[in-house]
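Below is one structure, written out as structure tokens, with a few remarks after it.
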Amino acid sequence: MDFTLSEDAEMIRATVHEFVRRDLLPLEPKFLNARTRSEREQITQEVTAKLKEMGLYSAGVPETFGGSGLGLIETCLIAEELSTTIIPVEWGDFTPILYECSESQQPDYLLPVVAGEKRYALAFRELADFTAAEEMTTTANHQGTEYILNGIKLLSRPDFDFCLVFARTTEGISCFIVDHDTPGAEIRTDVNPAHLVLTNCLVSETKLLGKPGNALLLGQKWFPLSRITRSAAILGVCTRILETSAQYVRDWKSMNESISTRKEIQRSLSTLTGNIEALRWLVYRTAWVATT
Numbered sequence: 002m003d004f005t006l007s008e009d010a011e012m013i014r015a016t017v018h019e020f021v022r023r024d025l026l027p028l029e030p031k032f033l034n035a036r037t038r039s040e041r042e043q044i045t046q047e048v049t050a051k052l053k054e055m056g057l058y059s060a061g062v063p064e065t066f067g068g069s070g071l072g073l074i075e076t077c078l079i080a081e082e083l084s085t086t087i088i089p090v091e092w093g094d095f096t097p098i099l100y101e102c103s104e105s106q107q108p109d110y111l112l113p114v115v116a117g118e119k120r121y122a123l124a125f126r127e128l129a130d131f132t133a134a135e136e137m138t139t140t141a142n143h144q145g146t147e148y149i150l151n152g153i154k155l156l157s158r159p160d161f162d163f164c165l166v167f168a169r170t171t172e173g174i175s176c177f178i179v180d181h182d183t184p185g186a187e188i189r190t191d192v193n194p195a196h197l198v199l200t201n202c203l204v205s206e207t208k209l210l211g212k213p214g215n216a217l218l219l220g221q222k223w224f225p226l227s228r229i230t231r232s233a234a235i236l237g238v239c240t241r242i243l244e245t246s247a248q249y250v251r252d253w254k255s256m257n258e259s260i261s262t263r264k265e266i267q268r269s270l271s272t273l274t275g276n277i278e279a280l281r282w283l284v285y286r287t288a289w290v291a292t293t
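Take the sequence shown: its position 43, counted from the start at 1, is 44 in the working numbering, and no numbers get skipped.
Given below as structure tokens:
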């Protein structure tokens with residue numbers, strides 16, 4: 002069996018690996034010491050702009066949606082390498098729900114997100130946890146060609162151009178595209194997470210994503226692949242933890258002796274290494290199976 006990466010995949014991995022080491026890791030102290038959210042946001046925007054110049058933004062998005070159309074293994078390699086830094090680089094890893102945009106919705110929402118020109122937020126959770134559709138308190142009443150939304154949602158991020166709001170309709174849970182400046186939609190950033198307060202918010206039925214009552218099935222075609230990519234990102238985080246831990250035990254001394262010589266330390270690092278390698282094989286084996 003051949004476990005080697007293709008020449009193109011190895012080139013992508015090496016390119017992103019070098020980018021992280023050269024441009025991102027040196028910025029981590031500045032990011033950690035930033036006093037305000039705007040300072041951290043500025044750093045994120047700068048490194049995201051560099052990633053766009055490299056042509057890797059939305060690299061895993063299908064070409065039909067404006068992306069580069071890279072394969073799943075190549076996309077996993079990008080996710081893994083970018084996750085070895087604490088700087089939250091935006092590289093086009095967005096919810097597959099947006100793929101459900103209709104042809105009329107794509108130019109205003111999906112395509113700008115793929116190009117990195119617009120940002121979105123998810124508004125699914127509420128102040129009180131719920132386990133059934135009928136327990137969701139945010140409602141959307143259909144009147145004529147519009148829906149009237151009322152309720153309070155928790156936002157996945159406070160800054161966005163539009164958000165995907167999940168609300169209860171007569172058919173079940175439906176998803177609506179709500180623009181940032183929509184009347185009746187108030188964004189509260191004085192709480193964490195930010196709240197979206199909907200008070201008789203009028204949303205055109207053309208902003209309905211998918212069919213009424215079908216929100217929980219949106220993006221199901223692409224979600225499995227997205228979860229594999231997220232697993233690769235977790236692998237990158239684990240790899241950085243191992244690297245940092247190994248460096249720490251090499252540098253730290255106790256009683257004039259490096260703690261790296263202690264058997265219990267060696268055993269812990271060995272176990273961590275084995276678990277990470279097992280995760281690596283699981284992630285890329287799954288990616289391979291999903292694409293064959």
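For each residue, glycine too, the CB sits at the ideal point set by N, CA and C.
Note that the structure is predicted; figures quoted are calculated from it, not measured.
Next item on the list: Throw me the rounded Cβ distance for the Glu-29 and Ile-88 pair, which I believe falls under 8 Å.
Entry: On the sequence shown, residue 29 is found 28 positions in, with the first residue counted as 1. On the sequence shown, residue 88 is found 87 positions in, with the first residue counted as 1. Right, the Cβ-Cβ distance comes to about 6 Å (below 8 Å), so this counts as a contact.
Notebook entry, point to check: Which word fits Phe-161, buried or exposed, when buried means at least 16 other C-beta atoms lie within 10 angstroms of its C-beta?
Noted result: Within the sequence shown, numbered from 1, the residue matching residue 161 stands at position 160. The residue is buried, with at least 16 neighbouring Cβ atoms inside 10 Å.
Checklist line | Under the three-state DSSP convention, the category Asp-156 falls into | finding: The residue given as residue 156 occupies position 155 in the sequence shown. Correcting the residue identity first, residue 156 is Leu in this sequence and not Asp. Correct three-state label for Leu-156: coil.
Checklist line | Beta-carbon gap between Gly-211 and Glu-91 smaller than 8 Å | finding: Against the sequence shown, residue 211 aligns to sequence position 210. Against the sequence shown, residue 91 aligns to sequence position 90. Not in contact: Gly-211 and Glu-91 (Cβ atoms no closer than 8 Å).
Next item on the list: Under 7 Å Cβ to Cβ from Lys-51, same chain only, skipping five residues before and after it: list those, please.
Entry: Locating residue 51 in the sequence shown gives position 50, where the first residue counts as 1. The residues are Asp-24.
Margin query: Residues in the same chain with beta-carbon distance under 6 Å from Pro-159, minus the five sequence neighbours each way, listed in chain order, please.
Written below: Locating residue 159 in the sequence shown gives position 158, counting from the first residue. Once the five neighbours on either side are set aside, the close Cβ partners of Pro-159 are Thr-190, Ala-195.
Next item on the list: Drop a sphere of 10 angstroms on the beta-carbon of Val-192, count the other beta-carbons inside from all chains shown, and report buried for 16 or more, exposed for fewer.
Entry: Locating residue 192 in the sequence shown gives position 191, where the first residue counts as 1. It counts as exposed.
Checklist line | Pairwise C-alpha distance: Leu-123 and Gly-67 | finding: Position 66 of the sequence shown, counted from the first residue, corresponds to residue 67. Position 122 of the sequence shown, counted from the first residue, corresponds to residue 123. If I take the Cα positions, the gap works out to 21 Å.
Notebook entry, point to check: Which of the three DSSP states, helix, strand or coil, is assigned to Asp-180?
Noted result: In the sequence shown, the residue the question calls residue 180 occupies position 179. In this structure, Asp-180 counts as strand in the three-state DSSP scheme.
Margin query: Can you list, in chain order, the residues of its chain with a C-beta nearer than 8 Å to that of Thr-292? Leave out the 5 residues immediately preceding and following it.
Written below: One-based indexing of the sequence shown puts residue 292 at position 291. Excluding sequence neighbours, Thr-292 sits near Gly-72, Leu-73, Ile-74.
Next item on the list: Return the CA-CA distance between Lys-254 and Ile-266, expressed in angstroms with no decimal places.
Entry: Here the question's residue 254 lines up with position 253 in the sequence shown. Here the question's residue 266 lines up with position 265 in the sequence shown. Cα to Cα, the separation comes out at about 12 Å.
Next item on the list: Please name the residue in Ala-116, Leu-226, Gly-93, Val-238 whose C-alpha comes closest to that of Thr-287.
Entry: Numbered from 1 along the sequence shown, position 286 holds the residue referred to as residue 287. Selected option, being the one with the closest Cα: Leu-226.
Margin query: Given this structure, state the Cα-to-Cα distance separating Leu-165 from Glu-244, to the nearest angstrom.
Written below: Your numbering for residue 165 matches position 164 in the sequence shown. Your numbering for residue 244 matches position 243 in the sequence shown. Each residue's Cα considered, the two are about 38 Å apart.
Notebook entry, point to check: Can you name the start and end residues of the beta strand (DSSP E) that Ile-188 belongs to?
Noted result: The residue given as residue 188 occupies position 187 in the sequence shown. Unbroken beta strand (DSSP E) run through Ile-188: 186-189.
Next item on the list: Enumerate in chain order the residues of its own chain whose CB-to-CB distance from Leu-111 is below 8 Å, with the five nearest sequence positions on each side excluded.
Entry: Looking up residue 111 in the sequence shown gives position 110. Cβ within range, chain order: Phe-66, Gly-67, Leu-99, Tyr-100, Cys-102.
Note to self: What does the alpha-carbon distance come out to for the pair Leu-236 and Ile-229?
What the structure shows: For the purposes of this step, residue 236 is taken as the residue at position 235 of the sequence shown. For the purposes of this step, residue 229 is taken as the residue at position 228 of the sequence shown. Cα-Cα distance, rounded: 11 Å.
Item checked: Residue burial classification, Ala-141 (beta-carbon count within 10 angstroms, cutoff 16) -> Residue 141 sits at position 140 when you count from the first residue of the sequence shown. Ala-141 should be labelled buried.
Next item on the list: Name the one or two DSSP bridge partners that Asp-170 has.
Entry: Counting from 1 along the sequence shown, the entry for residue 170 is found at position 169. For the record, residue 170 in the displayed sequence is Thr; it is not Asp. In the DSSP output, where bridge partners are listed per residue, Thr-170 has Gly-173.
Next item on the list: Using alpha carbons as the reference points, say which of Met-256, Arg-268, Ile-260, Arg-241 lies closest to Arg-250.
Entry: As a first step, residue 250 is located in the sequence shown; it is residue number 249 there, counting from the start. Just to set this straight, residue 250 is Val in the shown sequence, not Arg. It is Ile-260.
Notebook entry, point to check: So is Ser-84 buried or exposed if we call it buried at 16+ other beta carbons inside 10 Å?
Noted result: Position 83 of the sequence shown, counting from 1, holds the residue named residue 84. Counting Cβ neighbours within 10 Å, Ser-84 comes out buried, since at least 16 surround it.
Margin query: Report the start-end ranges of each alpha helix (DSSP H) in the stretch 58-101 that is 4 residues or longer and not cut off at the edges.
Written below: 73-83
Notebook entry, point to check: Can you check whether the CB of Ala-80 is closer than 8 Å to the CB of Ala-279?
Noted result: Counting from one through the sequence shown, the residue named residue 279 turns up at place 278. Counting from one through the sequence shown, the residue named residue 80 turns up at place 79. It is not a contact, given that the beta carbons lie outside the stated cut-off.
Item checked: Cβ-based neighbour list, Thr-146, same chain, cut-off 7 Å, excluding 5 preceding and 5 following -> Along the sequence shown, read from residue 1 onward, the residue named residue 146 stands at position 145. Ser-205, Glu-206.
Check: For Tyr-110, which three-state DSSP category applies?
Finding: If you number the sequence shown from 1, residue 110 lands on position 109. Correct three-state label for Tyr-110: coil.
Checklist line | Beta-bridge pairing of Val-204 - partner residues as DSSP gives them | finding: For the purposes of this step, residue 204 is identified with residue 203 of the sequence shown, where counting begins at 1. According to DSSP, Val-204 bridges with Tyr-148.
Next item on the list: Run the proximity test for Leu-28: is its beta-carbon closer than 7 Å to any non-hydrogen atom belonging to the ligand SAM?
Entry: The ligand SAM is not part of this structure, which contains no ligands at all.
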